[in-house]
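A short worksheet on the structure shown next.
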Amino acid sequence: MSVTVEMNFNLKRINLDFSKELNKAGQVIKKDHYQRLEIGKGVDGSKMKALSPNTIAAKGNNKILVETGKMRHLVVDKANKTKQVVEIHPGEKRLYKGTNVTQSDVGGFHQEGTSSYTITPKKAKKLSFKTAGGWVHTNKVNHPGLPKREWFGISKDAEKQCINLMEERIERELRRA
10 MSVTVEMNFN LKRINLDFSK ELNKAGQVIK KDHYQRLEIG KGVDGSKMKA
60 LSPNTIAAKG NNKILVETGK MRHLVVDKAN KTKQVVEIHP GEKRLYKGTN
110 VTQSDVGGFH QEGTSSYTIT PKKAKKLSFK TAGGWVHTNK VNHPGLPKRE
160 WFGISKDAEK QCINLMEERI ERELRRA
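In this text, residue positions in the sequence shown follow our numbering: the first is 10, and each later residue adds one.
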């Protein structure tokens with residue numbers, strides 16, 4: 010990216026408040042994110058690893074990262090004149106029932122993948138869950154771990170759109186100066 014200056018201009022006339030463009034960029038990223046997850050694509054545009062038959066049975070659908078829909082609906086903390094930053098995240102406050110695990114934590118588990126782990130009941134005597142073979146009641150589960158699914162980030166397409174927004178604004182400001 011480059012800028013060619015062909016005339017003198019008054020720097021005092023340039024408005025450096027880019028909050029409007031930053032907020033538009035945040036919405037571009039949010040929309041792109043939602044559309045990608047709807048069709049099971051990662052941030053790099055590739056298909057995400059399919060769900061296991063047991064996960065599909067338990068969820069009742071084969072949509073990746075869709076249980077409550079919260080991972081698809083990102084939170085956008087807007088920029089303003091004094092804070093020229095847009096923050097986009099899956100949500101910090103929602104805790105998973107009976108845990109100290111937040112929506113962002115779970116997003117990180119999916120983004121990076123996890124190693125295998127053991128699940129044991131906390132309050133009940135047994136774990137009960139639905140699998141492809143029917144309901145299971147057991148004392149523990151040796152979970153194979155979550156595969157890495159890079160779902161969070163800025164796709165190349167969204168990045169281009171955001172850069173175009175900023176370039177157009179800079180060009181307008183330079184013409185005004």
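Every residue, glycine too, gets a C-beta built ideally from N, C-alpha and C.
Item                                                                                                                                   : Value
Could you tell me which residues DSSP puts in a beta bridge with residue 143?                                                          : 140
Using the beta-carbon count (16 or more within 10 Å), is residue 80 buried or exposed?                                                 : buried
Looking only at C-alpha atoms, which of 124, 91, 130, 116 sits nearest to residue 107?                                                 : 130
The beta strand (DSSP E) with residue 76 in it runs from where to where?                                                               : It is not in any beta strand (DSSP E) - residue 76 carries neither H nor E in the DSSP assignment.
Looking at residue 74: is its Cβ nearer than 9 Å to the Cβ of residue 119?                                                             : yes
To the nearest whole angstrom, what separates the beta carbons of residue 151 and residue 127, a pair I think is in contact under 8 Å? : 6 Å
Are there 16 or more other CB atoms within 10 angstroms of the CB of residue 52, so buried, or fewer, so exposed?                      : buried
Bridge partners of residue 126, per DSSP?                                                                                              : 152
On the DSSP letters alone, give me the boundaries of the beta strand (DSSP E) that residue 95 sits inside.                             : Segment: none, residue 95 is in no beta strand (DSSP E) and carries neither H nor E.
Less than 9 Å between the C-beta atoms of residue 31 and residue 94, yes or no?                                                        : yes
In three-state terms, what does DSSP make of residue 110?                                                                              : coil
Which first and last residues belong to the beta strand (DSSP E) in which residue 84 is found?                                         : 84-86
Buried or exposed: residue 164, going by 16 or more other Cβ atoms within 10 Å of its Cβ?                                              : buried
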